């Protein structure tokens, strides 16, 4: 896998690795979906591979697929690597837990209880540090204050200002920015090589420089969904026929992914339209956006009826064209 658009971060990490001055903790900071998690995985793999068998490694963070380190990591069995993510819920395995727990963080102590197996180095990836519950953050801080020898922590972070300052101060920060449309196109093409050009173009448009975010919509015909949203804004829906049809189509069980995409897209569309307005029209649009954001944000958490939710949101979209009516 190629990491697109972050050459400066790769160069900075490689320079420290090759000079033997690798900082023990790296804060990978930037918007969601721009490639921070992929960087963390590739960087951890490169550190372990370069320490174990450095011959024949490629440029940047590249490690050949047949390298022993790469094969062990792919199999999920590398003894010197730990990765912490949110785990599936016990009772609802289709959902992820809200946080990375303190027990998960304490669990990495087993990595440090014995000598490394494949080389002198170990690596810990946390995706994302924003998800640590407070006791877990405090437990991690102890490791960062007294780091084990020859261990690198790679901490994916979406909001650096919200993590403990004491953690942030013990890390070297690498900043990750949103990607250009050309780079987005390449990243999406690599992830979904069989995707048709029209869908890829639509994902680049809605991804806002974050391929990981855009790929959440792959296969959902987002161009058609955005067209329906745009039509409600442009034409309104006096007879309620358009929003009733949309609500019915998105309420089907098989339409759940498109329903979730609509929950995300509708408030964003209202916000984008509001930026073109002024005066009373702007005030009305901002009111609609606040209501849409609140409704969409709680729809899944509160298990709201999808058909009623879509009907109401579609009404808010239509209200941007015509005087507001109660749903």
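Numbering (our numbering), first residue to last: -11 to 315. Ideal placement from N, C-alpha and C gives every residue a C-beta, glycine not left out. If you're wondering where the values come from, they're calculated on a predicted model, not measured in any experiment.
| Where DSSP assigns a beta bridge to residue 88, which residues make up the other side? | Position 100 of the chain shown, counting from 1, holds the residue named residue 88. Residue 88 is bridged to 120.
Outcome for residue 246 when other beta-carbon atoms lying within 10 angstroms are tallied against a minimum of 16 = As a working mapping, residue 246 is identified with position 258 in the chain shown. When all chains shown are included, residue 246 counts as buried.
| said: Going by DSSP, what residue range makes up the beta strand (DSSP E) through residue 109? | reply: What you label residue 109 is simply residue 121 of the chain shown in a count that begins at 1. Counting along the chain, no beta strand (DSSP E) covers residue 109, and no H or E run does either.
Compare the Cα-Cα distances from residue 204 to each of 290, 22 and -11 and report the closest residue.
-> Residue numbering aside, residue 204 sits at position 216 when the chain shown is read from its first letter. Shortest Cα-Cα distance from residue 204 to any of 290, 22 and -11 involves 22.
- residue 379, DSSP secondary structure in three states: There is simply no residue 379 to check, as the chain begins at -11 and stops at 315 in what is shown.
task: Note down, in chain order, each residue of its chain lying with its Cβ closer than 7 Å to the Cβ of residue 315, except the 5 sequence neighbours on either side.
output: Locating residue 315 in the chain shown gives position 327, counting from the first residue. Reliability fails at residue 315, whose pLDDT of 43 lies under 50, so the model's placement of it is uncertain and no value is given.
Among 0, 182, 217 and 146, which residue has its Cα nearest to the Cα of residue 166? Along the chain shown, one-based indexing puts residue 166 at 178. Ranking 0, 182, 217 and 146 by Cα distance to residue 166 puts 146 first.
**Q.** Close-in-space but distant-in-sequence residues of the same chain around residue 283 (CB under 7 Å, 5 per side omitted)
**A.** Here residue 283 is taken as the residue at index 295 of the chain shown, counted from 1. Cβ within range, chain order: 297, 300 and 301.
Practice prompt. Decide yes or no for the touch test of the segment 116 to 133 against the segment 83 to 100: beta carbon pairs closer than 8 Å, at least 3 of them.
Written response: yes
Residue 50 - partner residues in DSSP beta bridges: The residue you call residue 50 lines up with position 62 of the chain shown. For residue 50, which the question treats as bridged, DSSP gives no partner whatsoever.
(request) Express the C-alpha separation of residue 11 and residue 133 in angstroms, rounding to a whole number. (result) As a position in the chain shown, residue 133 is number 145, starting the count at 1. As a position in the chain shown, residue 11 is number 23, starting the count at 1. Each residue's alpha carbon lies about 13 Å from the other.
| field | Buried or exposed (CB count within 10 angstroms, at least 16 for buried), residue 65 | value | To locate residue 65, count along the chain shown from 1; it is residue 77. Classification for residue 65: exposed.
Could you check the C-alpha separation between residue 260 and residue 17 for me, to the nearest Å?
Along the chain shown, read from residue 1 onward, the residue named residue 260 stands at position 272. Along the chain shown, read from residue 1 onward, the residue named residue 17 stands at position 29. Cα to Cα, the separation comes out at about 26 Å.
- Message: Taking its Cβ as the centre, do 16 or more other Cβ atoms sit within 10 Å of residue 3, making it buried, or is it exposed?
- Response: As a position in the chain shown, residue 3 is number 15, starting the count at 1. It counts as exposed.
(Q) Using 8 Å as the threshold, is the C-beta distance between residue 305 and residue 220 below it? (A) Taking the chain shown and counting its residues from 1, the one referred to as residue 305 is at position 317. Taking the chain shown and counting its residues from 1, the one referred to as residue 220 is at position 232. Taking 8 Å as the Cβ cut-off, residue 305 and residue 220 qualify as a contacting pair.
Requested in this report: Could you name each continuous beta strand (DSSP E) segment of 3 residues or more that falls completely within the segment 9 to 45, going from the start of the chain to the end?
Outcome: 13 to 17
**Report entry** residue 154 to residue 14 span [Cα, whole Å]
**Finding:** Taking the first residue of the chain shown as position 1, residue 154 is located at position 166. Taking the first residue of the chain shown as position 1, residue 14 is located at position 26. Looking at the two C-alpha atoms, the distance is approximately 14 Å.
Residues near residue 150 by beta carbon distance below 8 Å, same chain, minus five either side: Translated into positions along the chain shown, residue 150 becomes position 162. Here the set comprises 118.
Per-residue DSSP class, three states only, for residue -8
In the chain shown, the residue the question calls residue -8 occupies position 4. Residue -8: coil per DSSP, three-state reduction.
Leaving out five residues on either side along the sequence, give the residues of the same chain with a beta carbon under 7 Å from the beta carbon of residue 265. Reading the chain shown from its first residue, position 277 is the one you call residue 265. Answer for residue 265: 273, listed in chain order.
- Message: residue 72 and residue 84 - do their beta-carbons sit closer together than 8 Å?
- Response: The residue given as residue 84 occupies position 96 in the chain shown. The residue given as residue 72 occupies position 84 in the chain shown. Cβ distance not < 8 Å, so residue 84 and residue 72 don't count as in contact.
Less than 8 Å separating the beta-carbons of residue 254 and residue 210?
-> One-based indexing of the chain shown puts residue 254 at position 266. One-based indexing of the chain shown puts residue 210 at position 222. One thing to note: residue 254 has its Cβ no nearer than 8 Å to the Cβ of residue 210.
*Ignore the nearest five residues each way along the sequence and tell me which others in residue 312's own chain have a CB closer than 6 Å to its CB.*
Reading the chain shown from its first residue, position 324 is the one you call residue 312. Bear in mind that a pLDDT of 49 at residue 312, under 50, signals an unreliable position, so the model cannot answer this.
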